[in-house]
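Heads up, the thing below is written out as structure tokens.
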Amino acid sequence: MQSRVKDPALVLPDALTSIGSFFKSVNQGALSDQLPEIVALRASQVNGCGGCMHTHVRNLREAGESDERVTAVAAWREAPFFTDAERAALELAEEVTRLADLAPDAVPDAVQNAVPDELWEQLSAHFDEQQLSALILSIGVTNMFNCRTTAVCEPGRVSWSRRRP
15 MQSRVKDPAL VLPDALTSIG SFFKSVNQGA LSDQLPEIVA LRASQVNGCG GCMHTHVRNL
75 REAGESDERV TAVAAWREAP FFTDAERAAL ELAEEVTRLA DLAPDAVPDA VQNAVPDELW
135 EQLSAHFDEQ QLSALILSIG VTNMFNCRTT AVCEPGRVSW SRRRP
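Heads up, the sequence shown is in our numbering, so the first residue is 15 and it goes up one at a time.
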């Protein structure tokens, strides 16, 4: 497969600079190297973004993550390999990534209540405000990259690293 167009972040040079600044800010959130990649992999799986899945699997392996955990991300609820904090983060990634599935026209306030209070309490028990902010922004930017990658049909062999300067 070949991309339809050049990477939009390269076509609009200020975008690449902004993306680098964004990642620099998110990296100040004091999350482990693996957690943002684990939730990004899960969001990319939900969105069906093969290019992004390839990148996050590669990044996780480079960070020393075991194949056992990487291959279990899609079945994290049933897999014994994840901590309670990681489980809460994975659930958040799924809830936020699936906002379009909530049919706000059919269910009033569905989107506003997308993250249940019980989940938020679990997240707050494991992460401080700075970490939660980094986690939420990581999930959001993953969804943006999923949209970009699928729109331009970027092949899986092209990889981005979360730890960009």
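By construction, the Cβ of each residue, glycine as well, lies at the ideal position given by its N, Cα and C atoms. What you are looking at is a predicted structure, and each value in this text was computed from that prediction instead of being measured.
- Go ahead and pull the three-state DSSP assignment for Ala57. helix
- Message: Does Ser32 come out as helix, strand or coil in the three-state DSSP assignment?
- Response: helix
- Query: What does a CB cutoff of less than 7 Å around Val60 pick up in its chain, not counting 5 residues either side in sequence?
  - Reply: Glu108, Thr111, Arg112
- Please state whether DSSP places Phe159 in a helix, a strand or coil. helix
- Message: Determine whether the beta carbon atoms of Val166 and Val19 lie at a separation below 8 Å.
- Response: yes
- Rounded straight-line distance, which links the Cα of Cys161 to that of Ala13: Here the chain comprises residues numbered 15 to 179, so residue 13 is not present and cannot be evaluated.
- Taking all protein chains shown into account, decide if Asn127 is buried (16 or more other Cβ within 10 angstroms of its Cβ) or exposed. exposed
- Would you call the CB atoms of Ala103 and Ala93 closer than 8 Å? no
- Tell me whether the beta-carbon of Ala148 lies closer than 8 Å to the beta-carbon of Gly43. yes
- Task: Use the C-beta contact count for Gly65: other C-beta atoms within 10 angstroms, 16 or more gives buried, fewer gives exposed.
- Result: buried
- Let me know the secondary structure DSSP gives Ser17 once reduced to three states. coil
- Between the Cα of Phe37 and those of Pro50, Ala77, Glu100, spot the shortest distance and give me the residue it belongs to. Pro50
- Query: Whose C-alpha, out of Ala77, Glu105, Gly154, is nearest the C-alpha of Glu135?
  - Reply: Glu105
- For Arg178, does the count of other Cβ atoms within 10 angstroms reach 16, so buried, or fall short, so exposed? Residue placement at Arg178 is poorly supported in this model, since its pLDDT is 38, which falls under 50; the coordinates still yield a value, given next. Classification for Arg178: exposed.
- Message: Less than 6 Å between C-beta atoms, sequence neighbours within five positions excluded: which residues of the same chain meet that for Leu55?
- Response: His70, Val87
- What separation, rounded to the nearest whole angstrom, lies between the Cα atoms of Ala139 and Met158? 28 Å
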